[in-house]
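Heads up: the structure comes next, in structure tokens.
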Amino acid sequence: MNALTLDVRNVTKRYGDGETAVTAVRDVSLAIQPSEIVLIMGPSGSGKTTLLSMMGALLHPTAGTIRLDGTALSDLSERQLPPIRLRQFGFIFQDFNLLSALSILENVALVAELAGSKRKAAREKATAILTELGLGARLDFLPEKLSGGEKQRVAIARALINDPALILADEPTANLDSKIGHEIMRLLRRIAKEQGRSVVIVSHDQRIRDIADRVLWLEDGRFKDVITMTTDPVCGMTVERDRAVSVERDGEAFYFCSKGCREEFLGRLRSEDMGGCRSAVLQRAGSVFAHLASGARDGHASD
Amino acid sequence: MSATWLLARRNLLRSRARLAVSIGGVALALTLVLALDAIFEGVGRQLTAYVDRSGADVWVAQSGVRNLHMVASWMPAATTDAVADVDGVALAEPILYTTDSMSAGDERGWAYVIGLTPDASMGGPWDVVEGTDRPGPGEAVIDRRFAQRAGVGLGDRVPMLGREFRVAGLTEGTASLVNSVAFVPFDDFAARRGGEPAISYVLVRASAGTSPDALAERIGTSVDGVAVQTTAAFGLAERKLVLDMSGDVISIMNVIGFVVGLAVVALTVYIATLALRREYGSLKAFGAPDGYLYRVVLAQAGMSVVAGFVAAVAITAALSAIVPRTGVNLDLAIAGASLVKVAAVAAVIAALAALLPIHQIARLDPVIVAREGVST
Chain A
107 MNALTLDVRN VTKRYGDGET AVTAVRDVSL AIQPSEIVLI MGPSGSGKTT
157 LLSMMGALLH PTAGTIRLDG TALSDLSERQ LPPIRLRQFG FIFQDFNLLS
207 ALSILENVAL VAELAGSKRK AAREKATAIL TELGLGARLD FLPEKLSGGE
257 KQRVAIARAL INDPALILAD EPTANLDSKI GHEIMRLLRR IAKEQGRSVV
307 IVSHDQRIRD IADRVLWLED GRFKDVITMT TDPVCGMTVE RDRAVSVERD
357 GEAFYFCSKG CREEFLGRLR SEDMGGCRSA VLQRAGSVFA HLASGARDGH
407 ASD
Chain B
3 MSATWLLARR NLLRSRARLA VSIGGVALAL TLVLALDAIF EGVGRQLTAY
53 VDRSGADVWV AQSGVRNLHM VASWMPAATT DAVADVDGVA LAEPILYTTD
103 SMSAGDERGW AYVIGLTPDA SMGGPWDVVE GTDRPGPGEA VIDRRFAQRA
153 GVGLGDRVPM LGREFRVAGL TEGTASLVNS VAFVPFDDFA ARRGGEPAIS
203 YVLVRASAGT SPDALAERIG TSVDGVAVQT TAAFGLAERK LVLDMSGDVI
253 SIMNVIGFVV GLAVVALTVY IATLALRREY GSLKAFGAPD GYLYRVVLAQ
303 AGMSVVAGFV AAVAITAALS AIVPRTGVNL DLAIAGASLV KVAAVAAVIA
353 ALAALLPIHQ IARLDPVIVA REGVST
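These protein sequence lines are chains A and B, in that order.
What the first sequence shows, in the numbering used here, is residues 107 to 409, in sequence order.
What the second sequence shows, in the numbering used here, is residues 3 to 378, in sequence order.
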């Protein structure tokens, strides 16, 4: 595995022409360093998946350049890209995308064989990785026999089999429960730090921020300069602090997705006041707040 | 097993019902072609069985006559001696021949009626199962299957050539779907033709060291007014006549079989590819080259067609074993040429059936895996 740097410069992706044209990503720049874990967050339709697809050479940008260790991926033809995707990138998707007819061992080994490994060597390597990921007893299982977490670990093994420098993960925890999602994230962090691979994750899942070296906020196809996210203490929804309905109590600000949540919050405070437990409520609410990310125009700001 | 065959085989086996439909459809379509070929090959062999088993190396007929079916050959009796005098002829024997109806009870059929000289060593019945192989005056040797169906046996009388003959022998292997062969005395046959000193064919055996081809050529140049062919060429001409008469039917059935097979395989491979569209998209995203995916689809189509072909051969072989036992005068013979033809048809079906799915894969955008959501 080589330590490669992915450099995204002024990339734009536009779908369609004329009045019906939709710009999914606008003039985005970003550099990924070896061993770095970058989390790209943003609301639905903000262009996260489109950006990740371009970074993984699945999509050509309309404008701008994407360089992998100096090679301009955006200038290569579709015919030249498969070998790069095969050897330089490891993909992990929300839906796992395992081949239903193959056992998990074959799913992983196949990708190594496509990259030129001999069958025996591919199977041995796949066995080793799957075993390391705790799936050694299930090598001959079909994907349909596995749990969501196990499927995602198979997808991670498949992403690792060709020793890629970059792992690109699109909503890797979306179909997993909280515990398994954390497990998968810790696994990705270990892979990044112990094996020196860069990991780019696109997700709505705020829990992932714990493992990220850098968190970026993409909205309307652009990285926002500064964005602070917080959690509505009533409904738990992630809200943008600058746009949220807020209330201040005892010198601390609380943010809500709607006036309804704010009223409910104030109502609870009043009832707790009568019970003499007001400070306990505020403490509880404060404990779930998450001041998330401050992004920068060039994608270099950190959390 | 390579990655291509592994994935193709597993994809095929994933949906056993679809695989069964695919293989069954191909088998049915190819059986249509193969069985029809086998029927015509079998009929052809039955029709030329008399020629093939005559024991002659060369057949001499009236000028212009190249076969037995639907022709009359009429030559002077002296032709036999003229042929016998040609260098390289070991033996020359005349036969009389006509096509006539033969009836007994409710059974009525067409027969090649052969007039044999009493001491004939060629042109006689070759597998007599009851009675004599040389009919005496007023006697006939007829096919056993015809005799069974007509309910006649040795000693019973059957009408032919405008008179009745007593059945003196029963033979095997002399019946086909359209006729049988009956043997009567040469003199009885000649008498029914007004006693003319005429013959139909001269059967010739070559002397040791003389090739039939060379002998046929020599007789042709030495004897006037005759058409001379080796037995192999004479049989081939007979078979070709039958195939020419049925060529259109064979062609139509071949086309129907091809179209049905193509439609079934194309549809099932297309549906299978469509069902796995997302998985093919995943493979593209991971970097599988298009060529690999095309090979997987081709291998799937190929495996379906090969399995269908094997099943078709097995079904036709089973038919060829069963049909003769049903009492029908029909032998199915699977010829090597027919197998090659049907295998070629199957290969074309596999290749064409894969075209549409390949086109579908070629257009598949690998980014599909990031945009659509189906859990696997």
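Using N, Cα and C, we set each Cβ at its ideal position, and we do this for glycine too.
| Item | Value |
| --- | --- |
| Limits of the alpha helix (DSSP H) - the one that A/Ala263 falls within | 254-266 |
| Residue closest to A/Phe197, alpha-carbon to alpha-carbon, out of B/Val35, B/Ala113, B/Phe260, B/Ser284 | B/Ser284 |
| Exposure of B/Leu8, with buried meaning 16 or more beta-carbon neighbours within 10 Å | buried |
| CA-to-CA distance, A/Ala261 to A/Asn213, given in whole angstroms | 9 angstroms |
| Buried or exposed by the 16-neighbour rule on C-beta atoms within 10 Å, applied to B/Thr233 | buried |
| Simplified DSSP state of B/Thr82, which is helix, strand or coil | helix |
| Beta-carbon neighbours of B/Pro368, restricted to chain A and to distances below 7 angstroms | Leu164 |
| Cβ-based neighbour list, B/Ala301, same chain, cut-off 7 angstroms, excluding 5 preceding and 5 following | Thr6, Trp7, Ala10 |
| Chain B residues whose Cβ lies nearer than 9 angstroms to that of A/Val217 | Leu285, Phe288, Gly289, Ala290 |
| Cβ-Cβ distance between A/Gln258 and A/Ile297 below 7 angstroms | no |
| Cutoff 7 angstroms: A/Pro278 Cβ touching any chain B Cβ | no |
| Separation of A/Ala207 from A/Asp276, as counted between CA atoms | 23 angstroms |
| Residue-level contact to chain A via CB, B/Ala274, 7 angstroms cutoff | no |
| Within chain A, the residues that B/Asn13 reaches when beta carbons sit closer than 7 angstroms | Ala207 |
| Straight-line gap, A/Ala227 to B/Asn256 (C-alpha atoms, nearest Å) | 48 angstroms |
| Closer than 8 angstroms at the beta carbon, the chain B residues around A/Glu230 | Chain B residues near A/Glu230: none, gap ~15 angstroms exceeds 8 angstroms. |
| Proximal residues to A/Thr155 (C-beta, below 7 angstroms), its chain only, five neighbours per side dropped | Asp276, Val308 |
| Separation of A/Lys365 from A/Val353, as counted between CA atoms | 10 angstroms |
| Min CB distance B/Arg391 to chain A below 7 angstroms | Residue 391 of chain B lies beyond the residue range present for chain B, which begins at 3 and ends at 378; the question has no answer from this structure. |
| Any chain B beta carbon closer than 7 angstroms to A/Phe360 | no |
| Segments of 3+ residues assigned as beta strand (DSSP E) that fall wholly inside the stretch 124-175 of chain A | 128-138, 143-147, 169-174 |
| 7 angstroms Cβ cutoff, A/Asn203 in contact with chain B | yes |
| Whole-angstrom distance between B/Leu358 and B/Val266, CA atom to CA atom | 13 angstroms |
| Neighbouring residues, chain A, relative to B/Ala5 (Cβ below 8 angstroms) | Leu216, Glu219, Leu220, Arg225 |
| Where the alpha helix (DSSP H) through B/Val35 begins and ends | 18-49 |
| Validate contact between the stretch 166-179 of chain B and the stretch 124-131 of chain B using beta carbons, cut 8 angstroms, 3 pairs | yes |
| First through last residue of the alpha helix (DSSP H) which encompasses B/Ala74 | It is not in any alpha helix (DSSP H) - B/Ala74 carries neither H nor E in the DSSP assignment. |
| Residues that B/Leu300 contacts on chain A, provided the C-beta gap is smaller than 8 angstroms | Ordered by position in chain A, no residue passes the 8 angstroms Cβ test against B/Leu300, which lies about 17 angstroms from the chain. |
| contact_flag[the stretch 54-67 of chain B, the stretch 200-209 of chain B] where n(CB pairs < 8 angstroms) is 3 or more | yes |
| is_contact[A/Pro188, chain B] using C-beta, thresh 7 angstroms | yes |
| Buried versus exposed, by CB contacts within 10 Å (16 or more), B/Thr119 | buried |
| A/Val321 beta carbon less than 7 angstroms from that of A/Arg313 | no |
| Cα-Cα separation, A/Ile190 to A/Thr337 | 40 angstroms |
| Sub-7 angstroms separation of B/Gln48 and B/Ser178 beta-carbons | yes |
| Run of the alpha helix (DSSP H) containing B/Phe191, from where it starts to where it stops | 188-194 |
| N-terminal and C-terminal residue of the beta strand (DSSP E) that A/Asn116 is part of | 112-121 |
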